[in-house]
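Going left to right, the sequence shown walks through residues 539 to 925 as our numbering numbers them. Yeah, the Cβ is synthetic: ideal placement off N, Cα and C, and Gly gets one too. Everything numeric in this text was worked out from a predicted model, so none of it was measured.
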Amino acid sequence: MQTSMICCPFKTSFGFYASSLKAEIEKKTGTTMQWVASNCGCGDPIETGRQFQAKQCDYFDMPMPVEFRSKKAWKRRLRGAVRSVITYARAKKYAALSKNAEVVHFQQILNAYGSKAVFHWLRQPSSAIRIITVHELDGDQQEFPETNTTYNLADAVIVHCEDMKQQLLRLKVQEDKVHVVLHGTDLPEVLPDSERSGIVFYGGHKLMSGKGIEAVFKAMAIIKARMGEATPTLKIHGHYGPVTPKEGAQLALDHDIADKVIWLNQISEEDTVHLYQRSRVCVLPYTGSFAGLPASLAAACKLPVVCTRKAGLPDHLGDSGVWVEENNPEQLAERIIELLTNDALRQQVGAKLLKRAKESLSWDVIAEKTLEIYRQSTVKKALAKAS
């Protein structure tokens with residue numbers, strides 16, 4: 539079976555997802571998966587610097603105006619029309635480059651990989667099985683919800699959590715097309731608890747949006763007041779680039795915890811694994827966005843996660859998360875201190891998470907579920923043609 543992936547090729551969380559899934563699918567099938575890609579138009583340092591995650595891909599550059607929601611309706615319409623023309627040309631290019639594939643898997647993100655590109659691509663004539671993984675919904679499809687029925691032209695739509703599935707169903711996507719497949723993770727060596735220290739926080743692509751960072755800093759201030767010199771360091775990383783965001787640095791100063799924060803910013807996959815192997819607690823008090831990547835890796839590293847029931851965290855952690863309410867720094871601080879000072883509890887929670895990772899989150903499991911969707915979609919399409 540010839541397969542093709544359309545996805546961001548850069549060193550983003552999405553590039554990491556695509557490269558990991560692609561490698562495992564190739565391992566299982568013994569065939570090479572094509573990677574079709576272009577510049578995405580996000581303007582992040584990783585994109586503008588063309589820092590590629592993809593080792594080899596069919597890549598092209600094309601202008602792409604970033605998404606901007608003007609307060610004036612006529613400006614939104616004009617910008618939307620321009621973006622539509624450009625994404626139509628881009629969708630044609632995606633389709634042309636992947637025309638020899640029997641299965642084409644489009645990773646929907648934003649901008650050049652957003653809903654406009656996906657919907658134009660789905661309207662192109664094709665005999666291939668077409669699969670879409672919706673990583674996030676963008677402003678275009680939320681402003682015009684009626685456009686989302688275009689997903690029904692796909693053979694299958696993959697999402698990473700039940701909440702996203704329900705959002706698509708409310709947007710009138712056919713239920714039989716929507717499948718929940720979790721974000722995968724490698725299963726690295728688990729280090730002894732004696733080699734661990736500190737707290738880790740993942741800031742994603744937009745550190746100040748939906749990640750609960752203010753609650754984290756307020757909780758750290760409470761911990762510092764109670765633990766004094768014994769207060770652990772908070773290490774922050776994410777896919778937002780190599781430079782510490784000024785707003786984040788100022789927020790740490792405002793809460794008088796700057797001396798306890800280490801800004802790692804964007805680090806390599808290898809360094810990220812190393813960080814999670816050697817941390818004692820992971821905090822993900824998200825109020826939005828998606829946290830499947832850090833949650834899965836934390837579970838694989840036997841690292842307890844203190845988190846909200848948002849951002850796909852219940853789907854990935856099952857009954858093994860240490861749950862807190864949104865925007866509740868007092869409760870967040872209590873749960874962190876409890877884990878830091880109770881070795882038995884930390885080991886118990888970590889063991890449950892590792893079991894969860896092995897059974898449900900490894901790339902082996904995720905790739906097999908993805909391939910099964912390819913197979914089911916192929917059979918379903920063949921039966922539809924024959925009837």
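Counting C-beta neighbours from all protein chains within 10 Å, is the total for Lys610 16 or more, i.e. buried, or is it exposed? Here Lys610 is exposed, its C-beta having fewer than 16 other C-beta atoms within 10 Å.
Who pairs with Asn803 in a beta bridge, going by DSSP? According to DSSP, which records beta bridges pairwise, Asn803 is partnered with His775.
Ala836 and Leu891 look like a contact to me (Cβ under 8 Å); what is the Cβ gap, rounded to whole Å? Taking the Cβ atoms as the reference, Ala836 lies roughly 7 Å from Leu891, within the contact range of under 8 Å.
What distance in whole Å lies between the Cβ atoms of Ala882 and Ala838, which are believed to be in contact at a cut-off of 8 Å? Contact between Ala838 and Ala882 fails: their C-beta atoms lie close to 21 Å from each other, not under 8 Å.
When you compare the CB positions of Arg884 and Val844, do they come within less than 9 Å of one another, or not? Against a cut-off of 9 Å, the Cβ pair of Val844 and Arg884 comes out as no contact.
Close Cβ partners of Ser558 (< 7 Å) along its chain, the five nearest in sequence each way excluded: Once the five neighbours on either side are set aside, the close Cβ partners of Ser558 are Gly722, Trp901.
Please specify which runs of the beta strand (DSSP E), each continuous and at least 3 residues long, are wholly inside the segment 809 to 837, giving them in chain order. Qualifying beta strand (DSSP E) stretches, in chain order: 819 to 822.
By alpha-carbon positions, which one of Ser806, Asn638, Gln869 ends up nearest to Val754? That would be Gln869, whose Cα lies nearest to the Cα of Val754.
Evaluate Ala763 with the Cβ neighbour count: other Cβ atoms within 10 Å of its Cβ, from every protein chain shown; 16 or more gives buried, anything less gives exposed. By the neighbour-count rule (16 or more Cβ atoms within 10 Å), Ala763 is not buried but exposed.
Euclidean distance between Cα positions of Val819 and Ala634: Taking the straight line joining both Cα atoms gives about 47 Å.
Phe682 (DSSP reduced to helix, strand or coil): Per DSSP, reduced to three states, the secondary structure at Phe682 is coil, with no helix or strand assignment.
Tell me, which residues are paired with Met543 by DSSP? Met543 has Trp573, His643 as its beta-bridge partners, per DSSP.
Can you tell which of Phe598, Leu725, Phe739, Ala829 has its C-alpha closest to the C-alpha of Ala627? Among Phe598, Leu725, Phe739, Ala829, the Cα nearest to that of Ala627 is on Phe598.
Check Asp797 in the structure and name its three-state DSSP category. Looking at Asp797 - three-state DSSP - the assignment turns out to be helix.
Identify, in the order they occur along the chain, each residue of the same chain with its Cβ nearer than 8 Å to the Cβ of Ser551, setting aside the five sequence neighbours on each side. So the qualifying residues of the chain are Gly742, His743, His777, Leu831.
Nearest-angstrom Cα distance between Ser925 and Val917? If you draw a straight line from the Cα of Ser925 to the Cα of Val917, it comes to about 12 Å.
One or two residues paired with Gln717 in a DSSP bridge: With the sequence shown as reference, residue 717 is identified as His, and Gln is not the correct amino acid for it. DSSP lists Ile696 as partners of His717.
Nearest residue (CA-CA) to Ser812, options Thr879, Val642, His775: Note that residue 812 corresponds to His in the displayed sequence, not to Ser. When only C-alpha atoms are compared, the closest one is His775.
Would you give the residue range spanned by the beta strand (DSSP E) that Val672 belongs to? In the DSSP assignment, Val672 falls within the unbroken beta strand (DSSP E) covering 667 to 672.
May I ask you to list the residues that DSSP assigns as paired with Ile737? Residue pairing from DSSP places Ile737 in a beta bridge opposite Leu772, Val819.
Verify whether the separation of the beta carbon atoms of Tyr651 and Ile544 is less than 9 Å. Closer than 9 Å, so yes.
Could you please give me the residues that DSSP links to Phe590 through a beta bridge? Residue pairing by DSSP puts Phe590 in a beta bridge opposite Phe548.
First through last residue of the alpha helix (DSSP H) which encompasses Asp596: DSSP places Asp596 outside any alpha helix (DSSP H); the residue lies instead in the beta strand (DSSP E), whose first and last residues are 596 to 598.
Just to confirm before moving on: does the CB-CB distance between Ala639 and Gln594 stay below 9 Å? Cβ atoms of Ala639 and Gln594: not closer than 9 Å.
Could you compute how far the alpha carbon of Pro603 sits from the alpha carbon of Phe682? Answer to the nearest angstrom: the Cα atoms are 19 Å apart.
Within the same chain, show all residues whose beta-carbon is closer than 7 Å to that of Asp794, passing over the 5 residues directly before and after it, in chain order. Here the set comprises Ala759.
Which whole-angstrom value describes the C-beta separation of Val860 and Leu877, a residue pair presumed to lie in contact below a C-beta threshold of 8 Å? The Cβ separation is near 7 Å, so the contact holds.
Please report the residue range of the alpha helix (DSSP H) in which Val887 lies. Unbroken alpha helix (DSSP H) run through Val887: 881 to 894.
Between the CA atoms of Asp857 and Ser915 - distance to the nearest angstrom: Taking the straight line joining both Cα atoms gives about 31 Å.
Nonlocal neighbours in the same chain, by C-beta distance under 7 Å from Leu725, ignoring five residues either side: Cβ neighbours of Leu725 beyond the five flanking positions: Ala838, Ala895, Lys896, Ser900.
Could you have a look at Val728 and say whether DSSP puts it in helix, strand or coil? Coil, per DSSP.
Endpoints, the beta strand (DSSP E) within which Val843 is located: DSSP places Val843 inside the beta strand (DSSP E), whose first and last residues are 843 to 845.
On the three-state DSSP scale, how would you describe Ser925? Of the three classes helix, strand and coil, the one that applies to Ser925 here is coil, per DSSP.
C-alpha distance - Thr769 paired with Ser622, whole-angstrom precision: The straight-line gap from Cα to Cα measures roughly 51 Å.
State yes or no: is the C-beta of Val711 within less than 9 Å of the C-beta of Asn690? Against a cut-off of 9 Å, the Cβ pair of Asn690 and Val711 comes out as a contact.
Sequence-distant residues of its chain with Cβ nearer than 7 Å to Phe554 (five each side left out): Correct list, in chain order: Gln591, Glu807.
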